[in-house]
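Before any comments, here is the structure.
What follows is the structure in structure tokens.
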């Protein structure tokens, strides 16, 4: 009997040791899996941020390019100077239709008077004569600046606005503006199954009058997406946005949510872009041999290089945002616009000292000498 008891005791010890080892292994595997998932999400978040900034830069650059071209249309500017709204709308509509026919691009443009009144609007001219001063505080920027800019701004709607001031005999007579509402960026991510939510801070409710019927989520954001489902709203309503902003990545409602702040032309945070990915998408990314986001988003190496170059230009010694955008756009100028671009560039660069030009060129050369493989 005593022998049997000893055998049973030994077995209990063996079982206890076995269970302890299994618990330690299970805990180790859980820790390693959690660590890998955390690293995967961090890497995925960084690359989604790059892809987003790259796409937004395309929208900003495209809008600015069209606005600059429109600002050189003498007939359109003459109509603005003569305060002939009907003629201005006709010219603007014809130019936009020509662009649509030859490029298949839907461009929204508008002309604004120097006292912030809508002069003509290509997509809907029923608002001609309506004042914008209360709804467009960003236009006050041009009271102390003469150069164009292209940035995300809050107006009657949230969107990217490229604004070019127009002068006649050294007097500002108005603005040419091209606007977009993130359609191409949203479509870019939707093509690969990634939902992107565009959120504007609720404090702009009174300004963004065309978004006052949009749903509010989290009691602090207004959803700017033109299309959404009840599932989208349910997902966003359950989000702890304070925790999401702090962590940047959050698992909520069966989805991984990734946060990216939205900033206006002054660098002020005015909202957020939030990506939604399923665990399956994250798992596929984690097991991707290339360990980059190319399996989800077709972000080419040249596009990634452009984002890197843009960040380098941000650190160069530019006198204005316009000068920085001008240099960044140098490789995207159409052949027929190159002479106009070069003339503008010469005028701007003549305002810089020799030391400033050297600093900009050194910064540019550093970027051009990036070596190694971008994966």
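Residue numbers (the working numbering): 9 to 383. C-beta atoms are modelled at their ideal positions from N, C-alpha and C, and glycine is treated no differently. Bear in mind the structure is a predicted one, so any value in this text is a computation, not a measurement.
Local Cβ density within 10 Å of residue i, reported as buried at 16 or more and exposed below that
i	result
residue 3	Because residue 3 is not part of the residues shown, which for the chain are 9 to 383, the question remains open.
residue 143	buried
residue 216	buried
residue 129	buried
residue 172	buried
residue 351	exposed
residue 55	buried
residue 194	buried
residue 267	buried
residue 121	buried
residue 114	exposed
residue 262	exposed
residue 358	exposed
residue 271	exposed
residue 231	buried
residue 141	exposed
residue 203	buried
residue 71	buried
residue 148	exposed
Among the options, the one whose alpha carbon lies nearest that of residue i
i	options	result
residue 123	137, 234 and 192	137
residue 192	49, 358, 67 and 46	67
residue 227	97, 218 and 248	248
residue 184	144, 273, 85 and 114	85
residue 218	167, 59 and 95	167
residue 239	268, 205, 250 and 212	205
residue 74	203, 108 and 211	108
residue 174	157, 264 and 161	157
residue 253	281, 274 and 272	281
residue 265	256, 135, 210 and 161	256
residue 57	283, 77 and 358	283
residue 104	186, 90, 127 and 160	186
residue 181	119, 293, 106 and 112	119
residue 420	116, 221 and 155	Residue 420 lies beyond the range of the chain shown here (9 to 383); nothing can be said about it.
residue 234	212, 208 and 245	208
residue 170	176, 293, 179 and 155	155
residue 151	159, 179 and 134	179
residue 260	274, 176, 277 and 241	241
residue 146	135, 48 and 164	164
residue 98	69, 59, 132 and 47	132
residue 64	197, 83 and 82	197
residue 224	125, 275 and 279	279
residue 431	159, 91 and 153	Absent from the model: residue 431. The displayed extent of the chain is 9 to 383, so no value can be given.
residue 276	290, 212, 222 and 237	212
residue 160	149, 153, 148 and 189	189
Proximity test, Cβ basis, 8 Å: residue i and chain C
i	result
residue 59	Going by chain labels, chain C is absent from the structure shown, which holds only one protein chain.
Element boundaries [alpha helix (DSSP H), containing residue i]
i	result
residue 144	From DSSP, residue 144 is part of no alpha helix (DSSP H); its letter is neither H nor E.
residue 250	249–255
residue 276	Premise fails: residue 276 is in no alpha helix (DSSP H) and is neither H nor E.
residue 170	Careful: residue 170 lies outside any alpha helix (DSSP H), inside the beta strand (DSSP E) at 166–176.
residue 242	238–245
For residue i, three-class secondary structure by DSSP
i	result
residue 90	coil
residue 195	helix
residue 287	helix
residue 268	strand
residue 98	helix
residue 215	coil
residue 103	helix
residue 263	strand
residue 304	In this predicted model, residue 304 has a pLDDT of only 49, less than 50, meaning its place in the structure is not dependable; the value taken from the coordinates is given anyway. It is coil, neither helix nor strand.
Run of the beta strand (DSSP E) containing residue i, from where it starts to where it stops
i	result
residue 117	116–121
residue 185	179–188
residue 159	157–162
residue 203	203–209
residue 127	126–129
residue 135	Note, residue 135: premise wrong, no beta strand (DSSP E); not H, not E.
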